[in-house]
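Asks:
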Amino acid sequence: MEKQRCVEATTLLLNAVTQEKQAQADQLRAIVSLAQNYTAATDSVINDELLDELVEQTTPGGSPGTAPISEFAAMELGPLMGCSPARAKTIMFETLNLYHRHPSLWDAVQDLSLDAHRARKAAGKFGILDPETADTVGRAWVTKQHRFSWQGAIDLCDTLIIAADPAIAAAREARQLQDRNVRLWEPYEATVNLTAKLDLLDAKYVNATITQLAGILHAKPEYSRDAADVLRSKALGIMAHPAIALAMLQAALQPHTFGTTQYETASYRSEGGLDEAPVGEGLPIDPETGRVASDPAHCTGHTCGTITINPARLQPRVQIYIHLHPDATAVIENTATIAVATLRELLDGKQIRVTPVLDLNTIPPEHQYRPSRRLREAACLLFPTEAFPYSNRTSRGLDLDHTTAYQQSCRDPQTRLGNLGPFSRRLHRGKTAGFWTCMQPCIGQLVWTSPLGFRYTLDNNGTRRIH
Numbered sequence: 004m005e006k007q008r009c010v011e012a013t014t015l016l017l018n019a020v021t022q023e024k025q026a027q028a029d030q031l032r033a034i035v036s037l038a039q040n041y042t043a044a045t046d047s048v049i050n051d052e053l054l055d056e057l058v059e060q061t062t063p064g065g066s067p068g069t070a071p072i073s074e075f076a077a078m079e080l081g082p083l084m085g086c087s088p089a090r091a092k093t094i095m096f097e098t099l100n101l102y103h104r105h106p107s108l109w110d111a112v113q114d115l116s117l118d119a120h121r122a123r124k125a126a127g128k129f130g131i132l133d134p135e136t137a138d139t140v141g142r143a144w145v146t147k148q149h150r151f152s153w154q155g156a157i158d159l160c161d162t163l164i165i166a167a168d169p170a171i172a173a174a175r176e177a178r179q180l181q182d183r184n185v186r187l188w189e190p191y192e193a194t195v196n197l198t199a200k201l202d203l204l205d206a207k208y209v210n211a212t213i214t215q216l217a218g219i220l221h222a223k224p225e226y227s228r229d230a231a232d233v234l235r236s237k238a239l240g241i242m243a244h245p246a247i248a249l250a251m252l253q254a255a256l257q258p259h260t261f262g263t264t265q266y267e268t269a270s271y272r273s274e275g276g277l278d279e280a281p282v283g284e285g286l287p288i289d290p291e292t293g294r295v296a297s298d299p300a301h302c303t304g305h306t307c308g309t310i311t312i313n314p315a316r317l318q319p320r321v322q323i324y325i326h327l328h329p330d331a332t333a334v335i336e337n338t339a340t341i342a343v344a345t346l347r348e349l350l351d352g353k354q355i356r357v358t359p360v361l362d363l364n365t366i367p368p369e370h371q372y373r374p375s376r377r378l379r380e381a382a383c384l385l386f387p388t389e390a391f392p393y394s395n396r397t398s399r400g401l402d403l404d405h406t407t408a409y410q411q412s413c414r415d416p417q418t419r420l421g422n423l424g425p426f427s428r429r430l431h432r433g434k435t436a437g438f439w440t441c442m443q444p445c446i447g448q449l450v451w452t453s454p455l456g457f458r459y460t461l462d463n464n465g466t467r468r469i470h
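In our numbering, the protein residues as written are 4 to 470.
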């Protein structure tokens, strides 16, 4: 290893880091300027000529102390940054908080002594405080944050907020309890990240149950070589089927001296299908009642109870659209594209229903304004997500709007594939008002023009800016 080359490499790295900080600072200034000056109305779209419900509205740009901005500003920002409108709204909110409520943090970013991403995130966290307290807390944070990693610096925000205003901190924690959720994130090669916001004690119990089920799985020969994290993930999946999880826990707690057997998921399968499997197969059966045995002397707490029918029949019904293609790929709608071989493993042990293929080329146009259920289904298959640049909102449940406005007097069928797209309510309003314009030159391809004149093409290959 040559020391001189290492020195040159580190010099190049540090220069690149400085340039990145400068670019981030410039980006924040651009976002503030865009937000402060943006209006969706153009010379050809005058608000006075619009219906009241279509007139461009202003909305809070951030926490108290920030200036209001156009409701459509984030929609312009998102495609420019290559992110969804929802993500762009968060970026704009945090940036305006930083600019208006934390001048010391803003100056530190501009002189490159503070990372822009940290400062923007901290400003968002301090948004629950009044402007004066927020600035004071921000000043205290900026003197300490550099000692911590990214997560440590963000956690420091919470500590400072509690110290500055315990009542607000308690109110925020109460709101967080009301904001508990479970969320699936973007898929990656047949897997998906699942996050959940639970209260602290529920989380402890969930973790303990996962550990317990993972231990039961590890005792089975087919799982004995799997890593602990893999077994924990599998255990969480089993918890989605409460009867099966309960049966596993019961069987594991039954003493073998009574002739019990380990619960095997596979034992519930038969050549005739899951529903035809014998009730309680693989579990100890009470000879008098014919039910799965549950001995109170040996089964205590939440694992007690009797299972009277095949647990497989208690599995919840989940509607999942899977499209098989001749090239041995399978598309799980709004989830991922995977190999058919992987799909076989994912579907193992699950009941499925095969439905006929909906040929989009055979969907006839319709005269009425509202599309039929079949046409709506076809439009959602054509656009699995909202038909707007970089949007990741699921199309099912969104407004289905005509890309070329529906004319009541026109005799030709206008409700058809090639003239429909799924849009969220705000985007629908912006398009109807003429702020954003949209064309569909061919089925499945949209060309959007923003109020500032930027043009984007959207199809099954994604989004591309063309001007």
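Where a beta carbon is used, it is the ideal one built from N, C-alpha and C, also for glycine.
Which value, in whole angstroms, describes the spacing of the CA atoms of residue 124 and residue 189?
Replies: Within the sequence shown, residue 124 is the residue found at index 121, counting from 1. Within the sequence shown, residue 189 is the residue found at index 186, counting from 1. One alpha carbon belongs to residue 124, the other to residue 189, and they sit about 22 Å apart.
Asks: Reducing DSSP to helix, strand and coil, say where residue 85 ends up.
Replies: Walking along the sequence shown from the start, residue 85 turns up at place 82. Coil.
Asks: Three-state secondary structure (DSSP) at residue 69?
Replies: Residue mapping note: residue 69 aligns to position 66 of the sequence shown, counting from 1. Note: residue 69 maps to coil in three-state DSSP.
Asks: Does DSSP put residue 458 in a helix, in a strand, or in coil?
Replies: Taking the sequence shown and counting its residues from 1, one reaches residue 458 at position 455. In the structure shown, residue 458 sits in a strand (DSSP, three-state: E or B).
Asks: Based on the DSSP output, what are the partners of residue 26 in its beta bridges?
Replies: Position 23 of the sequence shown, counting from 1, holds the residue named residue 26. For residue 26, which the question treats as bridged, DSSP gives no partner whatsoever.
Asks: Determine contact between the stretch 64-71 and the stretch 84-93, defined as no fewer than three beta-carbon pairs at a distance below 8 Å.
Replies: no
Asks: Please tell me whether residue 246 and residue 216 are closer than 9 Å, where the distance is taken between their beta carbons.
Replies: Indexing the sequence shown from 1 puts residue 246 at position 243. Indexing the sequence shown from 1 puts residue 216 at position 213. Going by C-beta atoms, residue 246 is not nearer than 9 Å to residue 216.
Asks: Measuring alpha carbon to alpha carbon, tell me which residue in 122, 379 and 335 is nearest residue 192.
Replies: As a position in the sequence shown, residue 192 is number 189, starting the count at 1. Of 122, 379 and 335, the residue nearest in Cα terms is 335.
Asks: Report buried or exposed for residue 15, applying the criterion of at least 16 other Cβ atoms within 10 angstroms of its Cβ.
Replies: Working through the sequence shown from its first residue, we reach residue 15 at position 12. It is exposed - the Cβ of residue 15 has fewer than 16 other Cβ atoms within 10 Å.
Asks: Starting from residue 188 and walking both ways along the alpha helix (DSSP H), at which residues does that stretch end?
Replies: In the sequence shown, counting from the first residue as 1, residue 188 sits at position 185. First-last for residue 188: 184-191, but that is the beta strand (DSSP E), not the alpha helix (DSSP H).
Asks: How is the beta strand (DSSP E) around residue 479 delimited, first residue to last?
Replies: Since the first residue shown for the chain is 4 and the last is 470, residue 479 is missing from the structure and cannot be characterised.
Asks: Would you mind listing the alpha helix (DSSP H) stretches within the stretch 123-156 that are 4+ residues and don't spill past its ends, in chain order?
Replies: 134-145
Asks: Over what stretch of residues does the alpha helix (DSSP H) that includes residue 106 continue unbroken?
Replies: Taking the sequence shown and counting its residues from 1, the one referred to as residue 106 is at position 103. Per DSSP, residue 106 is one residue of the alpha helix (DSSP H) stretching across 106-113.
Asks: With a CB to CB cut of under 8 Å and the five nearest residues on each side skipped, what residues in its chain are close to residue 374?
Replies: What you label residue 374 is simply residue 371 of the sequence shown in a count that begins at 1. Excluding positions up to five away in sequence, the list reads 382, 403, 418 and 423.
Asks: For residue 130, count the other beta carbons within 10 Å of its own beta carbon; 16 or more makes it buried, fewer makes it exposed. Which is it?
Replies: Taking the first residue of the sequence shown as 1, we reach residue 130 at position 127. By the neighbour-count rule (16 or more Cβ atoms within 10 Å), residue 130 is buried.
Asks: Is the beta carbon of residue 80 closer than 9 Å to that of residue 31?
Replies: Looking up residue 31 in the sequence shown gives position 28. Looking up residue 80 in the sequence shown gives position 77. No, Cβ-Cβ distance for residue 31 and residue 80 is not below 9 Å.
Asks: Could you spell out where the beta strand (DSSP E) holding residue 233 opens and where it closes?
Replies: Reading the sequence shown from its first residue, position 230 is the one you call residue 233. Segment 231-241 is the alpha helix (DSSP H) holding residue 233; no beta strand (DSSP E) there.
Asks: Kindly list the residues whose CB is nearer than 7 Å to the CB of residue 368, restricted to its own chain and excluding five residues on each side of it in sequence; keep chain order.
Replies: Sequence index remark: in the sequence shown, residue 368 carries index 365 (1-based). Taken in chain order, the residues that qualify are 416, 418 and 419.
Asks: As a quick exercise: from 329, 406, 151 and 99, pick the residue whose alpha carbon is nearest that of residue 521.
Replies: With the chain represented from 4 up to 470, any question about residue 521 goes unanswered, as that position is not in the structure.
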